[in-house]
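Numbering (UniProt numbering), first residue to last: 1 to 175.
Where a beta carbon is used, it is the ideal one built from N, C-alpha and C, also for glycine.
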């Protein structure tokens, strides 16, 4: 998020004229210009152009990159590998659904995938989200024993001090 804001600020700096001794834009005009600029950038980023092989290749590469480079290791691995396996067979509606998932915040997305929290209702109707969530749930069922997982509604934090079971021990995780 911070990197995207920095890129937009640098692009805006290139677009706006350099300061001169003459009076600058009023604050309201500058705000409208910045708002229009960021809105056009956001719309350009979410445009799904599948008109040519080259534009489709670029879009798919961008989606794989966004899914693998989120800065949240577990999510990078889960989301990145799923997208890499399925993105080439997606149609336009599924690509739009994937974009909706990629726009979500990392901590929330991880909690929803692992079942720590219930996802919003509109997200439950997203086919990409439900497919990834079922993959994560299936992997958890196959490879993790139930006592190592969190109960629904509790954070999924396990640590080196889980063996402390006294009065001063943690209720869950490494507190």
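{"query": "9 Å Cβ cutoff met for residue 131 and residue 88", "result": "no"}
{"query": "Collapsed DSSP secondary structure at residue 105 in the structure displayed", "result": "coil"}
{"query": "Alpha carbon of residue 143 to alpha carbon of residue 91, nearest angstrom", "result": "31 Å"}
{"query": "With 16 other Cβ atoms within 10 Å as the buried cut-off, status of residue 63", "result": "buried"}
{"query": "Run of the alpha helix (DSSP H) containing residue 85, from where it starts to where it stops", "result": "73-86"}
{"query": "Buried or exposed by the 16-neighbour rule on C-beta atoms within 10 Å, applied to residue 2", "result": "exposed"}
{"query": "Helix, strand or coil at residue 70 [DSSP, three-state]", "result": "coil"}
{"query": "Expected contact under 8 Å - CB spacing of residue 110 and residue 75 to nearest Å", "result": "5 Å"}
{"query": "Proximity winner among 123, 57, 108, relative to residue 117 (alpha-carbon distances)", "result": "108"}
{"query": "Residue 79, buried or exposed, once every other Cβ within 10 Å from all chains shown has been counted against 16", "result": "buried"}
{"query": "Alpha carbon of residue 30 to alpha carbon of residue 8, nearest angstrom", "result": "Reliability of the predicted coordinates at residue 30 is poor, the pLDDT of 47 falling under 50, and the value obtained from them is presented with this limitation in mind. Straight-line Cα distance between these residues: approximately 14 Å."}
{"query": "Assigned exposure category for residue 97 - 16 Cβ within 10 Å defines buried", "result": "buried"}
{"query": "Unbroken alpha helix (DSSP H) run spanning residue 126, endpoints", "result": "From DSSP, residue 126 is part of no alpha helix (DSSP H); its letter is neither H nor E."}
{"query": "Simplified DSSP state of residue 116, which is helix, strand or coil", "result": "coil"}
{"query": "Backbone secondary structure at residue 93 - three-state DSSP", "result": "helix"}
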